[in-house]
Amino acid sequence: MVRADKAAAVTEVRERLESATATVLTEYRGLTVAELASLRAELRKNDAEYKVVKNTLTRIAVRDAGFEVPSELLTGPTAVTFCAGDPVPVAKVLRKFSRDNPELVVKGSILDGKLLDAGDTLKLADLASREELLSRLAGLFTATVAQPARLAQANLTKAVRLFAALQERKPADTASAVTETAASPSDTPTPEGSAPEAAAETEPAPSEA
């Protein structure tokens with residue numbers, strides 16, 4: 211590549227790194243062209259692009275974007291998955307594909323500006339996706355309409371937590387929102403106050419002379 215082409219390639223990778231919700235680094239040594247095409251198609255369905263990038267260009271782009279990635283993650287044939295949407299479905303696709311095709315090795319990822327190792331990257335696949343949270347949220351609202359007030363209040367509590375998870379959409383927060391079980395509100399007896407009873411004062415009867 212001539213210098214101008216290299217500069218343009220670095221700029222493209224840097225801009226993708228900065229705009230992506232998550233970036234996953236993988237090694238694809240041993241995968242066939244057909245297998246790579248199949249992986250690309252599955253990732254594309256989840257707003258992600260699987261792109262083979264030269265390690266030298268990726269190193270420069272990562273540095274220019276202000277991220278810190280160990281050099282060992284950028285050795286060998288490396289491909290970068292740029293996530294434009296929810297990273298959870300993307301992690302699910304990569305984990306499933308790597309199980310069916312061990313040649314695909316997940317090296318790590320960049321999420322919210324932080325570097326995750328391979329283990330933590332694959333753990334994203336265990337979280338609930340945005341679509342799953344929305345489905346649960348809709349189900350809770352439907353149940354709230356049909357249930358008595360006390361049960362409805364418990365469902366609304368769960369719904370509020372799920373809505374907060376959807377707003378923030380961070381994996382750690384999402385896992386907490388999905389796994390946390392809302393306790394049903396306890397019936398708190400209303401303290402009954404008793405009116406003070408006025409004691410009748412009896413004056414002694416006058417003695418007869």
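Residue numbers for the sequence shown, in this note's numbering: 211 to 419.
For each residue, glycine too, the CB sits at the ideal point set by N, CA and C.
Exercise for review: Using three-state DSSP, classify V263 as helix, strand or coil.
Suggested key: coil
Exercise for review: Put D257 into one of helix, strand or coil per three-state DSSP.
Suggested key: coil
In its own chain, which residues sit with a C-beta less than 7 Å from the C-beta of L177, not counting the 5 before and 5 after it? The structure shown does not extend to residue 177, since the chain is modelled only from 211 to 419, so the question has no answer here.
Practice item. Please state whether DSSP places L235 in a helix, a strand or coil. Key: strand
> Can the beta-carbon of T236 be found closer than 8 Å to that of V315?
Replying inline: yes
Roughly how many whole angstroms lie between the Cα atoms of L334 and L253? 15 Å
Got a sec, what are the start and stop residues for the alpha helix (DSSP H) F307 sits in? P297 to D310
Report task. Might you give, ordered along the chain, the residues of its own chain that have their beta carbon closer than 6 Å to the beta carbon of F277, omitting 5 neighbours on each side? Result -> I320
Review point. If A214 sits next to L267, beta carbons under 8 Å apart, how far is it from one beta carbon to the other, in whole angstroms?
Key: Between L267 and A214 the Cβ distance is about 13 Å, and since that is not below 8 Å, they are no contact.
Worksheet entry | 8 Å contact criterion, which T291 and V234 should meet: CB distance rounded | 4 Å
Reference G286; option with closest CA among K302, D274 and E313: E313
*asked:* Beta-carbon within less than 8 Å of R250's beta-carbon, same chain only, minus the 5 sequence neighbours each way: which residues are those?
replied: E259 and Y260
Query - Cβ-based burial, A230 [other Cβ within 10 Å; buried from 16] - result: buried
Status (buried if at least 16 other CB within 10 Å, exposed otherwise) for A169: Here the chain has residues from 211 to 419 only, and residue 169 is not among them.
Next on the checklist: Less than 8 Å between the C-beta atoms of D330 and G295, yes or no?
Outcome noted: no
Notebook entry, point to check: Looking at L227 and Y238, is the spacing between their C-beta atoms short of 8 Å?
Noted result: no
Return the chain-ordered list of same chain residues with a C-beta closer than 6 Å to the C-beta of V300, the five sequence neighbours on each side being excluded. N256, A258 and C293
* Asked: Across which residues does DSSP place T291 in a beta bridge pair?
  -> V234 and Y260
Just to confirm, are V223 and V262 a CB contact at a threshold of 8 Å? no
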